[in-house]
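Its first residue numbered 20, the sequence shown is counted upward by one per residue in the numbering used here. Glycine included, every Cβ here is placed at the ideal spot set by N, Cα and C. Below is one structure, written out as structure tokens, with a few remarks after it.
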Amino acid sequence: MGLRLLACLFHLPTAVIYGSLSLFVSILHNVFLLYYVDTFVSVYKIDKLSFWIGETVFLIWNSLNDPLFGWLSDRVFLSTQQAGTEISSPEVVLKRLRALSHNGPLFAISFLAFWVAWAHPGLQFLLCLCMYDSFLTMVDLHHNALLADLAVSAKDRTSLNFYCSLFSAIGSLSVFMSYAVWNKEDFFSFRIFCVLLALCSIVGFTLSTQLLRQRFQADGKAKWDQESTLKELYIEKLSVPQEKRITLAEYLQQLSRHRNFLWFVCMNLVQVFHCHFNSNFFPLFLEHLLSDQISVSTGSFLLGVSYIAPHLNNLYFLSLCRRCGVYAVVRGLFFLKLALSVVMLLAGPDQVYLLCIFIASNRVFTEGTCKLLNLVVTDLVDEDLVLNRRKQAASALLFGMVALVTKPGQTFAPLIGTWLLCAYTGYDIFQRDPLNNVVSAQPKLESAVALEPTLRQGCFYLLVFVPITCALLQLLTWSQFSLHGKRLQVVKAQRQSLTQGQAPEIKTI
């Protein structure tokens, strides 16, 4: 029975095994996002100063570690040849799989460090955040880089991304299960639940990476001597003279001349801002726009849908990408965001059902767009390779550079959102009783009840004007992005000609 199961696992399609890695990340990361702040604030009783110091250090480290780890991983690929030896695509893929097999289990162990008090709350908060984000970054970088390394054609990459979205949706179920064991007064059941999730993740990372490594090593040994291709990957035989490695300054100069990269990161910065704005203010919008008009169960349903629906919705978006192209689908989503926001603005805050649909769909479509953009980054990897005549695509490094420019959007979202809300209504979410502060700023004859419409109106305007502004900025920048249509076909054809080498045939997943 066990041997039969192993045989079935070994014959799973490569895209399915690759996509399953998203499951082993999402089952942990969704629980982390939902509970880590509440755990340190309500259970470990961290003080406000330590909390903000930890968040500040984390934000800096979170922005810097992506390009740092990408540079350490891919700097050898920027030169024509690696220290006098040949670089082949299967060697690159196997290197990424080894990194995933090591960092995946360490990521799961770092997840467990949050749920047991082992140091002063401030120190533990800082160390846990930085350690967790480091291993998560390593896993994400190499997993995303494989998307560019395993396939070149848009069809094959959308297939890989399809399975990532499918398994991410399954992984989101851990959020629903966590509600049954979450109890701030009795933490034991929740800790056991987290241990079980971590064990599943460790076993999953180990098994998946081992299956992929065995597959590529077996195929490589069979065909390497014939100077052919692996069954599902390119093999390059590079025999050019050794050249000087490119420095970081030279690489940044190359990126500064990469026009499509610059327009993309401008658009993606706005997208990251909007995604985190929705995440940060989703509970606030529910509380002040809908709490007195919908039941608690309906609010919980909207919250749950906002976690799982983006992954399911992305399955449909990916089918559209196969037919229409990623550029057209993303542009259509921007127009949809703008249209829905304008309709909601004209309808006003009193249309309860329309407001529920808009709050949920705004988050779902925004998160869905974020998940499609990895496909655009893989196309930029192809163009970077062609423009700079690289012998091997530095995919992890380019993903890291995109994150360096766009991750500040995570910080801008709560800062700009709270500033706008406070400037318009006087409502300060950091005060213990912010509504009293609003009341005290007004004539004493006015009551909190009379001022509540002002706060509700402020939340409504924030809800609709932020997506309208984001959509207009994104449509402007996205219109300047030229890596689509014939230009994209030319780039992919040139990449294939560059990577084909001596191999007479190229196959992708």
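Residue interval of the alpha helix (DSSP H) (run including ASP175): By 1-based counting over the sequence shown, the position of residue 175 is 156. Per DSSP, ASP175 is one residue of the alpha helix (DSSP H) stretching across 173-190.
Nearest-angstrom Cα separation, counted from THR473 out to ALA118: The residue you call residue 118 lines up with position 99 of the sequence shown. The residue you call residue 473 lines up with position 454 of the sequence shown. So the two alpha carbons sit approximately 53 Å from each other.
Cβ-Cβ distance between LEU288 and THR425 below 7 Å: Position 269 of the sequence shown, counted from the start, is the residue given in the question as residue 288. Position 406 of the sequence shown, counted from the start, is the residue given in the question as residue 425. Yes. Within cutoff.
Reference ASN122, options VAL383, THR317, PHE224, SER184, closest by Cα: Walking along the sequence shown from the start, residue 122 turns up at place 103. Ranking VAL383, THR317, PHE224, SER184 by Cα distance to ASN122 puts PHE224 first.
Buried versus exposed call for ASP168 [16 or more other C-beta atoms within 10 Å across all chains shown]: Here residue 168 corresponds to residue number 149 of the sequence shown, with the count starting at 1. ASP168 is buried by the Cβ-count criterion.
Contact set for THR496: own chain, Cβ-Cβ below 7 Å, skip 5 residues either direction: By one-based count along the sequence shown, residue 496 stands at place 477. Taken in chain order, the residues that qualify are TRP282, CYS285, MET286.
Neighbourhood of PHE300 by C-beta, 6 Å cutoff - its chain only, sequence neighbours within 5 removed: Counting from one through the sequence shown, the residue named residue 300 turns up at place 281. Here the set comprises GLY436.
Under the three-state DSSP convention, the category LEU481 falls into: One-based indexing of the sequence shown puts residue 481 at position 462. Correct three-state label for LEU481: helix.
Reduced DSSP secondary structure (H/G/I, E/B, other) of ILE79: Locating residue 79 in the sequence shown gives position 60, where the first residue counts as 1. Three-state result, ILE79: helix.
Element boundaries [alpha helix (DSSP H), containing HIS293]: Stepping through the sequence shown from its first residue, residue 293 is reached at position 274. Start and end: 278-304.
Limits of the alpha helix (DSSP H) - the one that ASN530 falls within: Because the chain in this structure spans residues 20 to 528, residue 530 falls outside the shown range and cannot be described.
Alpha carbon of GLN513 to alpha carbon of ARG342, nearest angstrom: Reading the sequence shown from its first residue, position 494 is the one you call residue 513. Reading the sequence shown from its first residue, position 323 is the one you call residue 342. Approximately 22 Å, taken between the alpha carbons.
Below-7 Å beta-carbon distance, VAL214 vs any chain B residue: The chain labelled as chain B is not found in the depicted structure, where only one protein chain is given.
Residues near LEU14 in its chain [Cβ-Cβ closer than 8 Å; skip 5 each side]: Look at the range of the chain in this structure, 20 to 528, and you will see that residue 14 is not part of it.
Closest residue to HIS277 among MET420, LEU166, ALA347, ARG234 (Cα-Cα distance): Position 258 of the sequence shown, counted from the first residue, corresponds to residue 277. Checking every option, the nearest Cα to that of HIS277 belongs to MET420.
Distance between beta carbons of ALA379 and GLN321, contact taken as under 8 Å: Position 302 of the sequence shown, counting from 1, holds the residue named residue 321. Position 360 of the sequence shown, counting from 1, holds the residue named residue 379. Reading the sequence as shown, one finds Leu at residue 321 and not Gln. So it is a contact: roughly 5 Å between Cβ atoms.
TYR253 burial status per 10 Å Cβ neighbour count (16 or more: buried): Locating residue 253 in the sequence shown gives position 234, counting from the first residue. The predicted model places TYR253 with a pLDDT of 42, which falls under 50 and marks its position as unreliable; any figure quoted below should be read in that light. Flag for TYR253 reads buried.
Span separating the alpha-carbon of ASN279 from that of LEU507: Within the sequence shown, the letter at position 260 stands for residue 279. Within the sequence shown, the letter at position 488 stands for residue 507. Straight-line Cα distance between these residues: approximately 11 Å.
Best match in LYS67, THR228, VAL485, GLN493 for proximity to LEU392 [C-alpha to C-alpha]: Stepping through the sequence shown from its first residue, residue 392 is reached at position 373. Looking at the Cα atoms, GLN493 is the closest of the given residues.
Option in THR397, LEU230, LYS356, LEU155 with minimal Cα separation from THR488: The count along the sequence shown starts at 1 and reaches residue 488 at position 469. Out of THR397, LEU230, LYS356, LEU155, LYS356 has the C-alpha closest to the C-alpha of THR488.
Where THR266 sits in the DSSP three-state scheme: Position 247 of the sequence shown, counting from 1, holds the residue named residue 266. Note: THR266 maps to coil in three-state DSSP.
Exposed unless 16 or more other CB atoms sit within 10 angstroms - verdict on PHE195: For this step, residue 195 is matched to residue 176 along the sequence shown. By the neighbour-count criterion, in which a residue is buried when 16 or more other Cβ atoms sit within 10 angstroms of its Cβ, PHE195 is exposed.
C-beta atoms of SER338 and SER187 nearer than 7 Å: Within the sequence shown, numbered from 1, the residue matching residue 338 stands at position 319. Within the sequence shown, numbered from 1, the residue matching residue 187 stands at position 168. Taking 7 Å as the Cβ cut-off, SER338 and SER187 do not qualify as a contacting pair.
Inter-residue spacing [alpha-carbon to alpha-carbon] between GLN233 and LEU226: The residue you call residue 233 lines up with position 214 of the sequence shown. The residue you call residue 226 lines up with position 207 of the sequence shown. Computed Cα separation, rounded: 11 Å.
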